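S.K.:
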Amino acid sequence: DAGVIQSPRHEVTEMGQEVTLRCKPISGHDYLFWYRQTMMRGLELLIYFNNNVPIDDSGMPEDRFSAKMPNASFSTLKIQPSEPRDSAVYFCASSRTGGTEAFFGQGTRLTVV
Amino acid sequence: QKEVEQNSGPLSVPEGAIASLNCTYSDRGSQSFFWYRQYSGKSPELIMFIYSNGDKEDGRFTAQLNKASQYVSLLIRDSQPSDSATYLCAVGGYYSGYSTLTFGKGTMLLVSP
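Okay, structure coming up:
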């Protein structure tokens, strides 16, 4: 398996624009997680899905953030409108029920100017 | 609010020495404990996990858990320059549930040749 695949790797956008981050989890994994990492706050869980269903979105900072998982092999995290304080590295991770490891994608470095 | 505290470092050790990384957590109900390594610009990767009080060894790495003191540590023996990275401590609510993981901000380790 190629691991968790995220795209794009880097995104630079202007304030107010819509940003969509994409993730393909490892095949067979039934949990998918979206994290955000900044120097100030570290690695924070934004939302996670189990069997494509959002279970806990309490980490989503505000209504500008939304996430979907239309099928087992694809998820998106959307920010609309984007703001400079959204600049961070966004990681997607997946794991399976009973597994002891969450596998992380390579991340998307988002810069909002 | 569940908290996981780590000294940000950097922790500097010479090659061949033992590096000791520490972590404390606030939630007494925590059941699973993980150490992730993150190289600069890369994604976190799991090094070790531990569930029971005591020590767990894997090669040059030893994880130590003391639930009474709410303390987790990672020892790296015979440190190598390639061990230079940020080490993230993560704490979870139950054995197989990644959904409740809380990460610390990480400790940067620098191993000098």
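Residue numbers (this note's numbering), protein chains in the order written: chain Y, 1 to 113; chain W, 1001 to 1113. Using N, Cα and C, we set each Cβ at its ideal position, and we do this for glycine too. This one's a predicted model, so the numbers in the text were calculated from it and none came from an experiment.
Go ahead and pull the three-state DSSP assignment for W/Ala-1019.
M.R.: strand
S.K.: Less than 8 angstroms between CB atoms is the rule here; does W/Ser-1112 satisfy it with respect to chain Y?
M.R.: no
S.K.: Please classify Y/Ile-79 as buried or exposed, where buried requires at least 16 neighbouring CB atoms within 10 angstroms.
M.R.: That one is buried.
S.K.: Measuring CB to CB, does W/Gly-1054 end up less than 8 angstroms from W/Leu-1065?
M.R.: yes
S.K.: Do you know how far the Cα of Y/Tyr-35 is from the Cα of Y/Tyr-90?
M.R.: 6 angstroms
S.K.: Just to make sure I have the definition right: I need the residues of chain Y whose C-beta is within less than 9 angstroms of the C-beta of W/Ser-1052. Which are they?
M.R.: None at all; the shortest Cβ gap to chain Y is about 14 angstroms.
S.K.: Bridge partners for Y/Pro-54 per DSSP, in chain order?
M.R.: Y/Phe-49
S.K.: Helix, strand or coil for Y/Arg-85? Go by DSSP, reduced to three states.
M.R.: Looking at Y/Arg-85 - three-state DSSP - the assignment turns out to be helix.
S.K.: Would W/Gly-1106 count as contacting chain Y if we go by Cβ distances under 8 angstroms?
M.R.: At least one CB atom of chain Y sits nearer than 8 angstroms to the CB of W/Gly-1106.
S.K.: Hey, is W/Ser-1096's beta-carbon within less than 8 angstroms of any beta-carbon in chain Y?
M.R.: For W/Ser-1096, the pLDDT reaches just 47, beneath the cut-off of 50, and the residue's location in the model is therefore unreliable, although a value from the coordinates is still provided. Answer yes: the Cβ-Cβ gap between W/Ser-1096 and chain Y drops below 8 angstroms somewhere.
S.K.: Skipping 5 residues on each side, what residues in its chain have a beta carbon closer than 7 angstroms to that of Y/Gly-28?
M.R.: Arg-96
S.K.: Please decide whether Y/Glu-101 counts as near chain W, where near means a Cβ-Cβ distance under 8 angstroms.
M.R.: yes
S.K.: Spatial neighbours of Y/Leu-114 within its chain, please: CB distance less than 6 angstroms, with the 5 preceding and 5 following residues excluded, ordered by chain position.
M.R.: In this structure chain Y extends from 1 to 113, so residue 114 of chain Y is not present and cannot be described.
S.K.: Would a check of beta-carbon distances place Y/Leu-77 closer than 8 angstroms to chain W?
M.R.: no
S.K.: Could you pull out every residue in the same chain whose Cβ sits closer than 8 angstroms to the Cβ of Y/Tyr-48, ignoring the five residues on either side in sequence?
M.R.: Around Y/Tyr-48: Tyr-31, Leu-32, Phe-33, Trp-34, Pro-54, Ile-55 and Asp-56.
S.K.: Considering only residues of the same chain and omitting the five flanking positions on each side of W/Lys-1056, which have a CB-CB separation below 6 angstroms?
M.R.: Cβ neighbours of W/Lys-1056 beyond the five flanking positions: Ile-1050 and Ala-1063.
S.K.: Looking at the secondary structure, which residues open and close the beta strand (DSSP E) in which W/Val-1013 lies?
M.R.: 1011-1014
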